[in-house]
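Some notes on the structure that comes next.
Residue numbers (full-length UniProt numbering): 1 to 687.
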């Protein structure tokens, strides 16, 4: 018999063993015991200790390393930032390296600023020295390099502008029912980050030729508009350094010590840039964790960590394997989950904390039960004064799988910060036309809804709506949409499609909302949004289907379309009220609500990992990875399916290791109406 669906238990459903994976306790020795008074750098470590920084043995080894390549494997919560800033201070204070000779590269502006700030607070480091250390993101470093060499192109950072271009391009070439702009943007970025030019793409099939032409058109458009995108920044900087030997040698002389943070997130272009900068002196320190490589869709490849010694045979390795963030049971569960991966460097984290709570597990009936369980736990704990809202984080695999929790948070007016787009599930572009059809079914004169369905009838919404308004003024119709059959330029077959759609809309009110949505999808909408004439499977298409499946699940709870629309309106109203409270501030007392991808690098006292069921985590796209063309394009290695599954396991590992004190994991028994087994990642961790 399954566990009660509204409670948390000490073991996942289906696990019979009473043994909880636990991490070993780490030795307590720090620099106080490990660095003797007579050692030449003892004064440096004493000053750190007075500043509240006591490094362990592995951290000391990384900080002391001066010349030659160094791979620092930094497990979750192991203090990698402290090691990077302390090593910077060590080079400045003990080795008398000039601050301007240090280059520290990372992946976010926030991380770069934090490192600069922390370096400035360390003992013995002057304000001017801290300012002279070059701590930048890869893109910032490359852009500065290009600007100083006269590049004047504007930055194409707005993905919306890219989508507009591709939509226009696809319509001009009559390919708008074959490809989605989002798919092309992702695919071309993957090609660029693999350093492929349009002329280097294969042209064996008709689809290959189409993609090649589209890629060439995109590059030509940017050139004509004097634009470069973020991928271009990296590529242009790399090409500059490979063609301007004087510039390269100048940079190599200037930056005598190069340090790379989050090395596991490095893509091919960034990796080649790093190799160029460190080519002459080899004083390269990379810090990262192959177990946290979760950005393959951005070109990240963990084989750069796995094969580091092949590139740098004289390199030394340091493993930061003491977790200072979490307790033994949380870290132990993370160790047990990730140990099943084959493509990784074997390591098992130890813990510094002596006391901790064990993770708790739940088997709710479905995602709506799961949402209530999580929100109930948060409100109960907060109302007792044990925690503030800001202590909680809710992590999920995909935005569509978080719909039920989002709804619960809004309906119950729990303050939360959405680290995604901030829009409700029902505001998504792919969902809005379906909702509009339902509104029009209940109110045939709902002109806002009418405008929202016009694009699905392949007419320009603004022009068509103006025509309908004008015709309605002259002669009102029971169903104003019928005016569209006389829209200028409408052909006979198009008129029939409009009449067919009207008949479909009229048939909806007698149906339950779930049935109505299914009828709309089967009737035309799935074909409209999938644009799948090529019959090529992609993760983007899977995501669209998944979103619409979730919409059906959301509607299933309501008996009538009117009830469902009333709920959608209630969500919109309460969400607007919450937005007016200005909870977007990261300092607000509000629950953190984000994807697992967004959570990397963060930590929270209490973490809820939702959707730990097969099909959600691991995600269905990974389980069918070998069939998806866009996954194959970005995945490295021969076994695409195995690589995709291992990345999903790394995601689970990242999610678990975000928790500092309490961890709650839930595995819905049903997902979108179908049975869902407890995640194999969890079950295997208890074997």
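Yeah, the Cβ is synthetic: ideal placement off N, Cα and C, and Gly gets one too.
Spatial neighbours of residue i in its chain, beta-carbon cut-off 6 Å, leaving aside the 5 residues before and after
i: residue 508; result: 441, 516
i: residue 532; result: Per-residue confidence for residue 532 stands at a pLDDT of 41, beneath the threshold of 50, marking its modelled position as unreliable; no derived number is given.
i: residue 328; result: 22, 23, 351, 356
i: residue 606; result: 391, 392, 662
i: residue 112; result: 106, 135, 136, 137
i: residue 692; result: Residue 692 lies beyond the residue range present for the chain, which begins at 1 and ends at 687; the question has no answer from this structure.
i: residue 544; result: 430, 529
i: residue 485; result: 495, 498
i: residue 20; result: 329, 358
Neighbourhood of residue i by C-beta, 8 Å cutoff - its chain only, sequence neighbours within 5 removed
i: residue 91; result: 66, 97, 102, 257
i: residue 139; result: 230, 233, 234
i: residue 167; result: 176, 181
i: residue 534; result: Below a pLDDT of 50, predicted positions are generally treated as unreliable, and residue 534, at 42, falls in that range; the measurement from the model is reported next regardless. So the list reads 178, 179, 207, once near-sequence residues are dropped.
i: residue 125; result: 89, 92, 93, 119
i: residue 163; result: 181, 182, 185
i: residue 116; result: 130, 131, 133, 135
i: residue 83; result: 55, 59, 62, 63, 72, 74, 287, 320
Where the beta strand (DSSP E) through residue i begins and ends
i: residue 592; result: 591-595
i: residue 383; result: From DSSP, residue 383 is part of no beta strand (DSSP E) but of the alpha helix (DSSP H) over 367-383.
i: residue 434; result: Unbroken run through residue 434 is the alpha helix (DSSP H), 432-442; no beta strand (DSSP E).
i: residue 260; result: 257-260
i: residue 660; result: 659-666
i: residue 417; result: 416-418
i: residue 608; result: 604-609
i: residue 284; result: 284-288
i: residue 393; result: 392-396
i: residue 320; result: 316-320
Rounded distance between the beta-carbons of residue j and residue i, thought under 8 Å
i: residue 99; j: residue 122; result: Wrong, their Cβ atoms sit about 12 Å apart, outside the cutoff.
i: residue 622; j: residue 665; result: Their Cβ separation, rounded to whole angstroms, is 19 Å, which puts residue 622 and residue 665 out of contact at 8 Å.
i: residue 9; j: residue 360; result: 7 Å
i: residue 502; j: residue 482; result: 6 Å
i: residue 676; j: residue 589; result: That pair is no contact at about 34 Å.
i: residue 219; j: residue 198; result: 6 Å
i: residue 78; j: residue 55; result: About 11 Å separates the two Cβ atoms, so there is no contact after all.
i: residue 660; j: residue 608; result: Not really, about 13 Å apart at Cβ, beyond 8 Å.
i: residue 366; j: residue 668; result: 5 Å
Neighbourhood of residue i by C-beta distance below 7 Å, restricted to the same chain and skipping five residues each side
i: residue 214; result: 169, 184
i: residue 300; result: 264, 265, 266, 267, 293
i: residue 378; result: 392, 414, 591
i: residue 149; result: 240
i: residue 439; result: 446, 449, 565
i: residue 270; result: 138, 234
i: residue 479; result: 444, 502
i: residue 278; result: 258, 284
Residue span of the alpha helix (DSSP H) that contains residue i, given as start and end
i: residue 688; result: The question about residue 688 has no answer here: the residues shown for the chain are numbered 1 through 687.
i: residue 271; result: 268-277
i: residue 362; result: It is not in any alpha helix (DSSP H) - residue 362 instead sits in the beta strand (DSSP E) that spans 360-362.
i: residue 332; result: 328-338
i: residue 676; result: Element bounds for residue 676: n/a, residue is neither H nor E.
i: residue 647; result: 640-656
i: residue 406; result: 403-411
i: residue 147; result: 138-148
i: residue 759; result: This structure gives no information on residue 759, because the portion of the chain shown stretches from 1 to 687.
i: residue 303; result: 303-306
i: residue 621; result: 620-623
i: residue 186; result: 181-193
i: residue 128; result: 127-132
i: residue 33; result: 31-34
Neighbour flag for residue i against chain B, beta carbons, 8 Å
i: residue 154; result: Here there is only one protein chain, and chain B is not present.
Is the stretch 587-600 touching the stretch 643-659, taking contact as three or more C-beta pairs under 8 Å? yes
Along the chain, which unbroken stretches of the alpha helix (DSSP H) at least 4 residues long are found entirely within the stretch 510-571? With a minimum length of 4 residues, the continuous alpha helix (DSSP H) runs that stay inside the stretch 510-571 are 513-520, 526-530, 539-555.
The stretch 283-301 touching the stretch 255-272, judged by at least three CB pairs closer than 8 Å: yes
Tell me whether the stretch 399-415 and the stretch 42-52 touch, counting them as touching only if at least three CB pairs, one residue from each stretch, are closer than 8 Å. Taking 8 Å as the limit for Cβ pairs, the verdict is that the stretch 42-52 does not touch the stretch 399-415.
Evaluate the contact criterion for the stretch 510-528 versus the stretch 335-351: three or more CB pairs, one atom per stretch, below 8 Å. no
With a floor of 4 residues, list each alpha helix (DSSP H) that falls wholly inside the stretch 48-114, ordered by position along the chain. 57-64, 80-93, all fully within the stretch 48-114.
Where in the stretch 452-522 do unbroken runs of the alpha helix (DSSP H), each at least 4 residues long, occur, reported from the N-terminal end onward? Along the length of the stretch 452-522, whole alpha helix (DSSP H) runs at least 4 residues long occupy 461-474, 492-506, 513-520, reported in chain order.
Report yes or no: do the stretch 66-83 and the stretch 311-320 share at least 3 C-beta pairs separated by less than 8 Å? yes
Determine, using beta-carbon pairs with one atom in the stretch 423-436 and one in the stretch 448-456, whether at least three such pairs fall under 8 Å. yes
Mind the definition here: the stretch 140-148 touches the stretch 125-132 only if three or more C-beta pairs lie below 8 Å; say whether that holds. no
Would you be able to state if there are at least three C-beta pairs under 8 Å between the stretch 401-412 and the stretch 455-471? no
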